[in-house]
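Protein chains: 2
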Amino acid sequence: MMEYPLLVHRFLERTSVFSPDKEIVTREGDGVHRYTYADLMVRSSRLSNALAGLGVGVGDRVGTFGWNTYRHLEVYFAAPAMGAVLHTINIRLFTEDLVYIINHAGDKVILVDPDLVPLLEPLASQMEMVKHFIIMTDDRGFTTTLSNALIYEDLLSAASDAYSPVNLDENAPAGLCYTSATTGRPKGVIYSHRGIVLHSMMEAQADTIGFRERDVVLPVVPMFHANCWGVPYSSAMVGANLVLTGVRPGPEVICQLFESEKVTLSLGVPTIWVGLLDYLERSGKTYDFSSLREIASGGSAVPISLIQAYKEKLGVKMVQAYGMTEATPVISYNRLNSHLDDMTEGDKMRLAGTQGVMVPGLEMRLVDDEGNDLPWDGEQRGELLFKGPWIASEYYNDPRSSETFIDGWYHSGDIASVNADGYIQIGDRVKDMVKSGGEWISSVDLETAIIAHPGVLEAAVIAIPHERWVERPLACVVPNADSQGKLGKADVLDFIRDRFAPWWLPDDVVFIDEIPKTSVGKFDKKVLRERYKDHHPES
Amino acid sequence: MMEYPLLVHRFLERTSVFSPDKEIVTREGDGVHRYTYADLMVRSSRLSNALAGLGVGVGDRVGTFGWNTYRHLEVYFAAPAMGAVLHTINIRLFTEDLVYIINHAGDKVILVDPDLVPLLEPLASQMEMVKHFIIMTDDRGFTTTLSNALIYEDLLSAASDAYSPVNLDENAPAGLCYTSATTGRPKGVIYSHRGIVLHSMMEAQADTIGFRERDVVLPVVPMFHANCWGVPYSSAMVGANLVLTGVRPGPEVICQLFESEKVTLSLGVPTIWVGLLDYLERSGKTYDFSSLREIASGGSAVPISLIQAYKEKLGVKMVQAYGMTEATPVISYNRLNSHLDDMTEGDKMRLAGTQGVMVPGLEMRLVDDEGNDLPWDGEQRGELLFKGPWIASEYYNDPRSSETFIDGWYHSGDIASVNADGYIQIGDRVKDMVKSGGEWISSVDLETAIIAHPGVLEAAVIAIPHERWVERPLACVVPNADSQGKLGKADVLDFIRDRFAPWWLPDDVVFIDEIPKTSVGKFDKKVLRERYKDHHPES
């Protein structure tokens with residue numbers, strides 16, 4: 006066979022020829038900006054040439070600090086094609102972390118959306134390696150205190166549109182993304198061209214997400230989060246239309262785009278989908294979602310009640326995905342395997358509440374504390390380990406790598422059971438388990454049960470210190486609009502009492518306005534644990 | 006990312022765990038033999054160990070000479086897992102070619118189906134390297150003059166079922182297949198583990214063949230032909246049921262299996278599908294084909310009339326694929342791209358008559374005689390060149406490689422036009438064109454037109470020498486059952502007269518019982534050209 010490297014920019018080469026008129030649509034102001042894959046090819050070529058003119062070379066890191074837009078997408082292809090590394094910076098990071106990762110990555114340039122410039126301005130003096138800030142705008146009057154700031158569209162106009170990708174090894178880095186750590190600063194994951202190409206080839210398979218040319222894909226997942234779940238690359242590979250949500254998208258914007266662009270596939274974290282459903286119920290508005298073939302939900306466990314609500318109230322199929330920054334990110338997808346067709350509807354819905362089956366191409370183990378393999382019986386819980394060509398082998402320049410990457414396996418830190426059919430049921434992060442009197446209590450199991458209560462919008466269960474049992478569970482509950490002030494501790498506990506051993510039941514329930522979220526929209530239990538560390542249950 | 010080699014036997018590892026009870030069904034005698042992927046894993050492990058016991062090591066060639074059966078399938082996984090090379094030998098080769106390729110490949114063992122043993126016995130003394138013949142049977146009383154013959158099931162019973170794949174580089178050879186040459190002996194193509202894995206990841210994509218776990222796949226294409234189009238590996242990757250047609254399958258057997266096994270996907274050359282339709286019409290029998298989601302037809306151009314007949318008479322969707330031994334083998338697949346949805350049904354049917362669009366992951370060029378790129382306008386014809394990770398870079402130990410693999414491109418020898426949407430329309434092999442008075446006439450265009458005549462079963466157009474025009478076309482036509490003896494030259498020529506320039510029309514039409522076929526079921530025009538080289542048209 007030919008020695009032919011797997012390179013991500015080849016996707017765009019093919020699609021700009023075979024489906025040149027397929028569209029990239031970006032929400033902009035009150036309308037949308039539209040252009041084609043052929044345009045994307047020309048503009049990303051211009052951007053490569055412009056960056057080269059600024060001294061960006063093979064292996065240099067190109068930071069982005071932006072929303073989901075066509076300009077951001079152009080960097081997704083321009084940087085890898087020239088052998089540079091696309092570093093997508095999470096715009097919701099705390100300032101110390103921001104400075105840390107930009108310096109740690111050694112970003113040579115940073116492309117930043119105009120409305121996010123104020124977040125960088127006060128920090129710019131601490132960013133040692135950054136030679137230029139490129140404002141992703143055509144507004145030549147844009148003013149900023151950032152030194153060496155350039156206007157994106159000026160750069161593009163002045164640059165050649167010659168497409169001249171450099172020769173690269175497929176193991177060359179194409180992307181870099183940082184993931185929050187349990188302790189300390191975020192940790193960086195380098196994505197190789199090879200890893201991303203293989204991940205896209207997997208994501209387009211009929212049994213996984215199944216990206217296809219006919220899809221109109223709207224990633225709600227931000228482009229600064231875990232490769233945008235591979236959406237830009239997989240969409241370009243097959244030639245699917247892309248719909249990008251622009252600046253600060255809310256549920257209304259997403260609903261409108263679903264309807265107007267006839268979106269077929271959307272992807273995002275459960276928090277988004279909870280919010281969207283809540284918006285629909287509060288506003289009473291209706292939209293035509295009939296084009297949606299599927300919503301992929303992942304990033305944290307998806308409550309069955311949410312899947313059910315989407316099915317029954319909106320007629321939309323929600324499918325769980327499971328993955329992480331270290332895995333490019335997709336590990337598993339929840340399709341019903343054919344030998345389970347005869348299950349009852351109830352059992353099928355329960356199965357839809359799992360994270361599905363590992364996709365082809367990876368290897369997985371379930372192990373106990375000592376690293377011994379555990380049976381896949383749907384009962385025994387252990388840590389999930391993974392291996393494969395799109396799984397990271399280390400954190401970028403980080404001594405903490407050795408805690409996570411051991412003997413060739415990535416230790417995910419996720420506690421799960423796996424049933425006999427291979428369906429993964431994520432319990433908790435190791436750090437999220439409640440250890441009461443030497444026995445484990447699953448906070449996720451409790452949360453899933455509580456959230457099924459019709460008066461509950463969100464729920465998080467955390468461990469609080471206890472003199473006798475060391476730790477005990479505390480439920481933090483956000484009532485929905487209708488049950489504000491009406492929902493009581495007994496309502497919640499009675500609702501779940503039959504489902505758990507008595508000692509699993511939370512010692513107390515606190516009602517709050519909102520569950521604090523991390524920069525990527527997951528529950529931030531660190532904040533809750535801190536807030537309630539001295540909490541003493543009534544009675 | 007981890008250094009994780011792409012190895013074909015990993016497919017079986019995963020499926021034997023995640024879908025252990027999915028079935029491999031083989032027609033045997035009047036019934037079927039059934040077992041599971043879990044069984045396949047155990048038995049292919051036993052076979053690896055048995056072969057190792059016979060001295061087969063890393064890099065050694067393991068020949069197979071057999072029909073589509075579960076034992077043949079076991080070799081597909083056993084050989085690569087131990088680092089050996091599966092050499093599938095075409096059972097329809099002429100004896101001289103058989104001896105040549107077995108010696109050229111240096112097969113160390115050959116696994117042979119009992120009923121094919123008589124083909125090898127008279128040749129065995131010329132097979133220099135073969136240490137053992139393994140008869141794929143459980144019949145301990147089987148007698149043969151082959152020296153060092155062993156009984157397959159004896160070997161398996163005696164072997165350990167421990168699965169211990171060797172460590173391999175992904176570029177290590179996994180398979181070897183010979184393809185017939187225009188001149189001289191067949192040429193060998195080595196398939197690497199990497200090439201096969203990437204090809205399977207492509208074949209499972211929703212926009213290509215889309216192998217999925219729910220599929221029940223019946224390859225009519227023989228397992229000795231071009232990797233069986235990847236079917237064994239792609240099916241194992243996703244965990245699809247496989248239906249294997251056993252010894253000498255005819256149209257009736259295929260129809261029965263479609264119905265009884267609820268086959269969803271079948272793949273084979275057009276000749277097979279012509280024969281199957283003819284069988285149904287002659288016999289008047291009907292079968293339930295409602296489970297079939299798609300038939301993939303490739304290996305030679307598929308007449309639109311055949312696609313139409315399957316649609317209208319059987320309600321079955323036939324999709325054209327295009328590929329070749331040198332390409333593992335799939336190059337293109339015919340899906341309607343979404344921007345063409347508004348075409349008329351007639352235009353859609355005409356487009357279905359093309360070979361579709363190159364799959365993601367490859368590169369392609371259309372060039373003239375001097376190697377200049379030609380426009381993709383649906384008009385201009387040139388040779389197709391390809392490049393990619395599952396395209397061969399050479400023929401195995403063969404000086405003829407330099408004629409075909411030039412400057413990093415595989416020169417397919419196929420003459421085609423490509424339309425503006427990238428749909429490939431194969432015309433002829435370079436050698437099949439008729440050059441009349443310095444102008445090219447396409448034999449394939451003429452054949453396609455003639456075969457649309459309701460009284461015609463098959464048609465081949467060849468060049469015959471002509472004093473004035475150098476070459477002129479001759480049509481060789483097989484009438485169908487109803488028009489035997491009734492169809493005349495004028496009927497055929499009048500039927501196509503309006504569609505071609507007068508000088509394109511064949512000088513004569515000869516009626517024959519059968520078009521001679523090559524060992525892989527394609528028209529063997531070499532034989533016809535020889536037969537009619539002195540033919541003088543009646544005028």
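Chain order of the listed sequences is G and E. Residues 6 to 544 (the working numbering) make up the first sequence, in order. Residues 6 to 544 (the working numbering) make up the second sequence, in order. Glycine included, each C-beta is placed from N, C-alpha and C at the ideal position. Only a predicted model underlies this, so the values are computations on that prediction, with no experimental measurement involved.
When rounded, the separation of the alpha-carbon atoms in E/Lys440 and E/Ile467 is 11 Å. Taken atom to atom, the span from the alpha-carbon of E/Glu28 to that of E/Thr142 is near 20 Å. Apart from sequence neighbours up to five positions away, the residues of its chain that approach E/Val258 with a beta-carbon distance below 7 Å are Arg32, Thr250, ordered along the chain. Ranking G/Leu103, G/Val194, G/Leu533 by CA distance to the CA of G/Pro470 puts G/Leu533 first. Contact between G/Ala177 and G/Gly88 holds: CB atoms are separated by about 6 Å, below the 8 Å threshold.
In this structure, E/Ala480 places its C-beta atom within 8 Å of the C-beta atom of E/Leu451.
E/Val362 reaches chain G at Phe23, counting residues in chain order whose Cβ is nearer than 7 Å. When rounded, the separation of the alpha-carbon atoms in E/Leu181 and E/Ser50 is 21 Å.
Among the residues facing chain G, E/Lys522 is not included, as its CB has no counterpart in that chain under 8 Å away.
With 16 or more other CB atoms across the displayed protein chains lying within 10 angstroms of its CB, E/Leu12 is buried. By the Cβ criterion, the region 260-271 of chain G is not in contact with the region 508-516 of chain G, since fewer than three pairs of Cβ atoms, one from each stretch, lie closer than 8 Å.
Neighbours of E/Trp395 across chain G, judged by C-beta separation under 8 Å: Met6. At a C-beta separation below 7 Å, E/Glu257 has no neighbours in chain G, since its nearest C-beta there lies roughly 28 Å away. For the region 317-328 of chain E, no residue has a beta-carbon sitting nearer than 7 Å to a beta-carbon of chain G. E/Phe138 is positioned such that its CB atom lies no closer than 8 Å to that of E/Ile96. A straight line joining the alpha-carbon of E/Asp539 with that of E/Thr184 spans about 29 Å. Taking G/Gly255 as reference, the option from G/Glu384, G/Asp426, G/Gly280 with the minimal CA-CA separation is G/Gly280.
In the DSSP annotation of this structure, the continuous segment of the beta strand (DSSP E) that includes G/Pro484 starts and ends at 475-484. Looking at the DSSP output, E/Gly251 bridges to E/Asn73. With its beta carbon at least 8 Å from every one in chain E, G/Gly146 lies outside the interface. Among the residues facing chain G, E/Glu286 is not included, as its CB has no counterpart in that chain under 8 Å away. In the DSSP assignment, G/Glu299 falls within the beta strand (DSSP E) that extends over 299-302.
Chain G places a beta carbon closer than 8 Å to that of E/Gly200, counting this residue as a contact.
The Cβ atoms of E/Ala55 and E/Leu160 sit closer than 8 Å to each other. Put simply, the CB of G/Gly193 is far from chain E, with every gap to its CB atoms at 8 Å or more. For E/Lys436, the three-state secondary structure derived from DSSP is helix. Restricting attention to E/Gly418, E/Ile456, E/Tyr428, the CA atom closest to the CA of E/Met438 is found in E/Gly418.
In the DSSP secondary-structure assignment, G/Phe528 is bridged to G/Lys522. The C-beta of G/Val274 comes no closer than 8 Å to any C-beta of chain E. Nearest neighbour of E/Tyr315 by Cα position, chosen from E/Tyr327, E/Ala326, E/Ser302, turns out to be E/Ser302. By the Cβ-count criterion, G/Gly193 is buried, with 16 or more other Cβ atoms from all chains shown falling within 10 Å of its own Cβ. DSSP places G/Tyr327 inside the beta strand (DSSP E), whose first and last residues are 323-328.
Residues of the region 494-521 of chain G that bring their beta carbon within less than 8 Å of a beta carbon in chain E are absent altogether.
Remark: C-beta atoms of E/Val274 and E/Val226 approach each other more closely than 8 Å.
The beta carbon of G/Met46 sits closer than 6 Å to the beta carbons of Leu17, Ser21 from its chain, once the five residues preceding and following it are set aside; these are given in chain order.
Going by DSSP, G/Glu257 is part of the alpha helix (DSSP H) stretching over 256-265.
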